[in-house]
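Asks: In this note's numbering, the protein residues as written are 109 to 1184.
Take this structure first; my questions come after.
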């Protein structure tokens, strides 16, 4: 059928900030949709609050709104843009919930806007747990015994029929938020309260446990002619009871019999038809009993999902792109496969390789968090690898995680008094390290059946790991490494690093042997058709196989081959290194491609836009290790390799690559090292006559004590070469220093020293983005942090342009940045962090690479900083590109961040020098207050316009609190305060209601929070005991979604925002209009 001609303008809903359960896979799907709709001649309107996305670049949609994802904002945009249709199925659960909300409010009907991709009925049927269960029973499919409840009374009645253990699944949530497993009535009551609170419609499915069953997913697409295709089968290595986002997953499914698979396919077709999905894709999850083969349906997502991105990258089949085409009227048989250019999209992909995805966790950021994996997702990212066998892809995936484990390295401590008990504990309790403990179990001679009983993992997967361990033992025991043994090990996925470790050699020694014996990787094409048709897209993975397929795809410009530039991506998302760096990699690739270079992307993250096969000329889906990069360079022989856009991951490789003769372009590895080396950088700062906090470095605890004493407490302590403030802490005394240093030394790589700095109290922190070409420096943005120094820059709210700095201070920042850029011989991007204390400017650190604020600064000013920086790195000058001076912002933009605290019970929300945020949002307006209000709303919180504000602050904050308390009263708020704050304000003539602290008796502050008597919390604290005493206030505020501020500078901004919201209505404006 031809595309629809009754619609001309389509509005797309994005997914908002990166959160656990919803990451950059929805930027990938959104970008594909925008490109398709534009190519097909539709006018597109995009709403997304996340500035770090590629989809919010002004080139992708004609009208881009970086605004809060709320029904009110959607209605405002619809009234301005008057779209014919709304497409919500590519923006994750956020977009789906938002579309449901605006439809049920009558907004779509009011403006005659049609839903594309999934109807309101389909959304309700799939997301409403009761309706879904009824629909499955209607078509004769089994679901676990369950009840849908909306209150504790209903839950008590329902549990009598279902029994324990029971799984709780809240409706309309993402990443299993609010879900859990309860084994007794006490756990069940608490779990019900949490699940009901998490569901926006207060509906929860309480479901009979199928713990230990095998879990599978099918990616399915259907068109309006009723063509249905199964894109990919995915099997979870972990059994039911662990969220699929936290499971190791494998494609295609490995342990289903043909009969079981056909039964599952038939069920999936029935489901997608019954649910009414007729123009798009769905993800359907099944559980299979490991002994009887009985199948039950768990759930269905009537949208592009996290697994859809994985399936797209695993097969080469662009699910989001095809979904967008189906939404505008095409059928599967009319859409051509991009990769083969011969087969239609109704040909199901076939794989002649195995794909393994392993989740990436950051529990180290939340020391009090329970790392047991359950039905609520906790991972922040994932790595994917491909190989000819499961064993090969599994070991490559382990290498891709970047957690300093290049395979099945030992994890049980040599001095553990009871290693067997340690291993068994980690086998029966699902946790992030369980895969390594399985390997340890085999090393300690546990039987496969014993491991299966403890883990409930299918024996086939366990036997594969056992075979890896058997070869490991052979490698250790062999008298010499022979060519046959080495080739066998490489074919099984062993890294050079791991082989060297097993043989007591250096990684370089193994590489030398491989080269000498010509044991080299070949590169295979991801072609969607198991090599049955020719593939035109150069999308590769490595294997130790016979045939190399890279020669099929040489790209030439005119008669001469194009110069090749390789870009190293950022690897799996984690806190401190996420979508912002992928944004920079994509921009670099697009700009260099446009400039006539052949671009080669190397990355291992299936969620990203950078790993889309049509972003770069060639894509290598490989681990970001020295071994992998050198092998690709041996094949491609690039003119230059860019390491400055992917965060700390590629930066850590640059010196090793340079030592092998790989040409690193842009800022040299020597300059990158100088900026990281405390001693050398300190000497440079002195030479330039600049100020730096007093500092030193230490390689032992004794040295650390000496340096800290010399500087004077408090001091800021951190390991070298880390990102996101990993293991960075403000230390106030020697006891804390000793305790912290022990941990930090364990994290430092290659025996790098600890860095110890004077902590600047009551200082104002500033970030500056710049680009240098050796002759000129372009200032890309000056961003003032709202919180004072001491909170990691990635966790700080910031404003561009600065909202309190003087012109003289801004000029000083620019001049100092230029001095540093020239002194470090920067060629490309650069970020400098500064602090003003008592009008004195201090240089905190210089990063001669792209930083996480590049996307925000680019959206705020309209200048594509990463694109310009990439061109400078290949030799263009700023003058010839037309960028001298500085980027100017036409409005005030505020970047706000989002945190995953809700996922980690027991964690405090107080911020410090170690980064904990997962994503960011942006608000822009004519005033700082309104820009802040919009950014705050975009995080999913709502500032109250009336009610009661709770105030409890440390002594040093009491004086500055006075004007804020006064303003709150003027704005019509009642005040509730603890004793010290109450008496202070009383002396100033400001009335407040006194309430007890938690340890002073009942009723106390937490009682008032739980009773909905408080609408806003301002709580600052200092000292170990005080922080501990007030923890429950902050945690309860978080759980109740009550706005809270833990520093006065942020509270001041919040109160100003409330004042503006009381007087003014929020206005929206497209990015294109704002920048024009």
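Even for Gly, the Cβ is constructed at its ideal location relative to N, Cα and C.
Since the model is a prediction, treat every value here as computed from it, not as a measurement.
Quick check on residue 222: does DSSP put it in helix, strand or coil?
Replies: DSSP places residue 222 in strand when its eight states are reduced to three.
Asks: With DSSP run on the structure shown, which of helix, strand or coil describes residue 691?
Replies: Helix, per DSSP.
Asks: Which residue from 194, 436, 364, 1108 puts its Cα closest to that of residue 567?
Replies: Checked all of 194, 436, 364, 1108; the closest Cα to residue 567 is 364.
Asks: For my contact list, residue 393 and residue 323 are in at a C-beta cut-off of 8 angstroms; report their separation, rounded to the angstrom.
Replies: Right, their Cβ atoms sit about 7 angstroms apart.
Asks: Under the three-state reduction of DSSP, which class applies to residue 1028: helix, strand or coil?
Replies: Strand.
Asks: For residue 651, which beta-bridge partners are listed by DSSP?
Replies: According to DSSP, residue 651 bridges with 630.
Asks: Could you work out which residue in 224, 817, 623 is closest to residue 1257 when comparing CA atoms only?
Replies: Since the first and last residues shown for the chain are 109 and 1184, residue 1257 lies out of range.
Asks: Could you give the C-beta distance for residue 1154 and residue 1113, rounded to a whole number, given that I count them as a contact under 8 angstroms?
Replies: That pair is no contact at about 15 angstroms.
Asks: On the three-pair Cβ rule with 8 angstroms, is the region 958 to 977 touching the region 798 to 818?
Replies: No: the two stretches stay apart, fewer than three of their Cβ pairs being nearer than 8 angstroms.
Asks: Output needed for residue 722: all residues of its chain with C-beta closer than 8 angstroms, excluding positions within five of it in sequence on either side, in chain order.
Replies: Cβ neighbours of residue 722 beyond the five flanking positions: 446, 645.
Asks: Helix or strand or just coil, what does DSSP make of residue 966?
Replies: Correct three-state label for residue 966: helix.
Asks: Measure the alpha-carbon distance for residue 702 versus residue 890 and round it to whole angstroms.
Replies: Whole-angstrom Cα-Cα distance: 29 angstroms.
Asks: Could you name the residues of the same chain whose beta carbon sits closer than 6 angstroms to that of residue 899, not counting the 5 residues immediately before and after it, in chain order?
Replies: For residue 899, where only same-chain residues beyond five positions count, the Cβ hits under 6 angstroms are 1019.
Asks: Restricting to runs no shorter than 3 residues, where is the beta strand (DSSP E) found entirely within the region 1034 to 1110?
Replies: Entirely contained in the region 1034 to 1110, the beta strand (DSSP E) runs reaching 3 residues are, in chain order, 1056 to 1060, 1082 to 1085.
Asks: Within a Cβ cutoff of 7 angstroms, which residues of the same chain sit near residue 758, ignoring the five residues on either side of it in sequence?
Replies: So the list reads 676, 732, 751, once near-sequence residues are dropped.
Asks: Quick one: complete alpha helix (DSSP H) runs, 4+ long, within the region 868 to 937?
Replies: List check, alpha helix (DSSP H) in window: 915 to 931.
Asks: Identify the continuous alpha helix (DSSP H) that holds residue 814 and give its terminal residues.
Replies: Per DSSP, residue 814 belongs to the alpha helix (DSSP H) from 809 to 819.
Asks: Which residues share a DSSP beta bridge with residue 587?
Replies: DSSP, once it has assigned bridges, lists no residue as partnering residue 587.
Asks: Determine the closest residue to residue 329 out of 220, 408, 266, with distance taken between C-alpha atoms.
Replies: Out of 220, 408, 266, 408 has the C-alpha closest to the C-alpha of residue 329.
Asks: Out of 586, 624, 591, 631, which has the shortest C-alpha to C-alpha gap to residue 1185?
Replies: As displayed, the chain neither begins before 109 nor continues past 1184, which places residue 1185 out of reach and without an answer.
Asks: What is the DSSP secondary structure of residue 664, reduced to helix, strand or coil?
Replies: Caution is warranted here: a pLDDT of 45 is assigned to residue 664, below 50, making its placement in the model unreliable, and the coordinate value is therefore given only provisionally. Correct three-state label for residue 664: strand.
Asks: Which full runs of the alpha helix (DSSP H) of 4+ residues lie inside the region 233 to 300, going along the chain?
Replies: With a minimum length of 4 residues, the continuous alpha helix (DSSP H) runs that stay inside the region 233 to 300 are 237 to 246, 260 to 270.
Asks: According to the neighbour-count rule (16 or more other Cβ atoms, all chains shown, within 10 Å of its Cβ), is residue 119 buried or exposed?
Replies: Classification of residue 119: buried, given that the 10 Å Cβ count is 16 or more.
Asks: In three-state terms, what does DSSP make of residue 1160?
Replies: Residue 1160: helix per DSSP, three-state reduction.
Asks: Identify whether residue 576 lies in helix, strand or coil by the three-state DSSP scheme.
Replies: Residue 576: helix per DSSP, three-state reduction.
Asks: For residue 484, which of 637, 1123, 288 has the nearest alpha-carbon?
Replies: Taking only the C-alpha atoms, the option nearest residue 484 is 288.
Asks: What is the DSSP secondary structure of residue 187, counted as helix, strand or coil?
Replies: Residue 187: helix per DSSP, three-state reduction.
Asks: Which term fits residue 552, buried or exposed, when burial requires 16 or more other beta carbons within 10 angstroms of its beta carbon?
Replies: With fewer than 16 Cβ atoms within 10 Å of its Cβ, residue 552 is classed as exposed.
Asks: For residue 1103 and residue 1141, what's the separation of their Cα atoms in angstroms?
Replies: So the alpha carbons of these two residues sit roughly 12 angstroms apart.
Asks: Could you tell me which residues DSSP puts in a beta bridge with residue 804?
Replies: Answer is 864.
Asks: Classify residue 400: buried if its beta carbon has 16 or more other beta carbons within 10 angstroms, exposed otherwise.
Replies: Looking at its Cβ environment, which holds fewer than 16 other Cβ atoms inside 10 Å, residue 400 is exposed.
Asks: Go ahead and label residue 612 buried or exposed: buried means 16 or more other beta carbons lie within 10 angstroms of its beta carbon, across all protein chains shown.
Replies: Exposed, since its Cβ has fewer than 16 Cβ neighbours within 10 Å.
Asks: Hey, residue 772 and residue 782: beta-carbon distance below 8 angstroms or not?
Replies: Result no, Cβ atoms of residue 772 and residue 782 do not sit closer than 8 angstroms.
Asks: With DSSP as the reference, identify every bridge partner of residue 379, one or two as the case may be.
Replies: Looking at the DSSP assignment, residue 379 forms no beta bridge with any residue, so it has no partner.
Asks: What beta strand (DSSP E) runs, 3 residues minimum, are completely inside the region 299 to 334?
Replies: Entirely contained in the region 299 to 334, the beta strand (DSSP E) runs reaching 3 residues are, in chain order, 312 to 316, 322 to 330.
Asks: Quick check: the Cα distance between residue 197 and residue 411, rounded to an integer number of angstroms?
Replies: Going from the Cα of residue 197 to the Cα of residue 411 covers about 5 angstroms.
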